[in-house]
Amino acid sequence: MFSIFFSLLCSWFAFCLPCYATYKTLAQKPIIEADVQKWCMYWSVIGAFVGFEYAAGWLVSWLPFYWEIKTVFLLFLSLPQIQGSTFVYTGYMQPFFTANEKEIDAGIVSIQSNVLSFAQSRLSALWELLWSVLSKTPVSQASADNVQQTQPAAPAISLDTAVGLFKAYGPTLLNSLKPAVHLSLQCLT
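As structure tokens, then:
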């Protein structure tokens with residue numbers, strides 16, 4: 001019950017008001033560099049907090065008074081009278097990033113290249129597999145070796161099998177979706 005209240009409070013003070021204040025700062029002509037710097041610090045700290053919460057939220061969300069502590073911390077960061085985000089950024093984030101900038105940059109480049117090469121290899125293998133199923137031609141040996149080295153063997157499926165499965169289970173699936181589609185269409189009208 002209270003988590004809804006605290007969630008709305010966090011959303012209003014940590015995201016909605018700062019978002020509008022950032023707009024007002026950027027819309028102001030001439031732009032005041034100190035204000036832009038303040039909002040960049042704020043959004044950097046909020047980004048780090050949200051990233052931490054996404055990664056470790058499952059671990060800390062069960063703690064007693066989690067929502068209350070989170071709300072107080074976000075109020076500390078967002079209230080302009082306290083300027084907590086400036087304190088956190090200049091006291092903790094900036095020194096950490098300054099000391100570890102080269103390692104962080106190298107790690108980002110490494111992760112980006114690894115993710116890109118992984119995605120490219122998987123998408124090309126998937127495309128070749130899909131093409132071979134649709135055209136009923138065997139998968140090339142190089143692609144098959146690449147897939148077998150990185151994944152356990154998957155059962156072969158043909159287009160006829162997929163069509164057969166759809167003919168057998170498709171009408172039931174589509175009929176089960178009709179009430180949901182009908183309700184959503186009623187909501188739109």
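full-length UniProt numbering applies: residue 1 is where the sequence shown begins, and numbers increase by one. We treat Cβ as the ideally placed atom computed from N, Cα and C, and that holds for glycine. Quick caveat, the model's predicted, so the values are computed rather than measured.
Review point. Leaving out the 5 sequence neighbours to the left and right, which residues in its chain are closer than 8 Å to residue 66 when beta-carbon positions are compared?
Key: 60
Check your understanding: Considering only C-alpha positions, which residue in the set 31, 36, 45 is nearest to residue 15?
Key -> 45
**Study point:** residue 71, buried or exposed, once every other Cβ within 10 Å from all chains shown has been counted against 16
**Key:** buried
Point to revise | Residue burial classification, residue 88 (beta-carbon count within 10 angstroms, cutoff 16) | key: buried
Check your understanding: Between the segment 102–115 and the segment 38–57, are three or more C-beta pairs nearer than 8 Å?
Key -> no
Review point. Just the Cα atoms here: how many angstroms apart are residue 40 and residue 77?
Key: 13 Å
Exercise for review: Would you kindly check if the distance between the Cβ of residue 5 and the Cβ of residue 68 is under 8 Å?
Suggested key: no
Check your understanding: With 16 as the cutoff for other CB atoms within 10 Å, does residue 154 come out buried or exposed?
Key -> Because residue 154 sits at a pLDDT of 48, beneath the cut-off of 50, its placement in the model cannot be relied upon, and the point is left open.
Review point. Are the Cβ atoms of residue 38 and residue 86 separated by less than 8 Å?
Key: yes
**Study point:** Nearest-angstrom Cβ-Cβ length linking residue 42 and residue 18, presumed shorter than 8 Å
**Key:** 6 Å
Check your understanding: How should residue 74 be labelled, buried or exposed, when 16 other C-beta atoms within 10 angstroms of its C-beta is the threshold for buried?
Key -> buried
Review point. When the Cα atoms are used, what is the spatial distance from residue 113 to residue 119?
Key: 10 Å
Point to revise | Helix, strand or coil at residue 6 according to DSSP, with G and I counted as helix | key: helix
Practice item. Look up residue 63 in the DSSP assignment and say whether it is helix, strand or coil. Key: coil
Review point. Distance, Cα to Cα, residue 12 vs residue 79?
Key: 11 Å
**Study point:** Span separating the alpha-carbon of residue 8 from that of residue 135
**Key:** 53 Å
Exercise for review: Would you identify the three-state DSSP class for residue 79, choosing helix, strand or coil?
Suggested key: coil
Practice item. Could you have a look at residue 136 and say whether DSSP puts it in helix, strand or coil? Key: coil
Exercise for review: In angstroms with no decimal places, state the Cα-to-Cα distance between residue 102 and residue 52.
Suggested key: 21 Å
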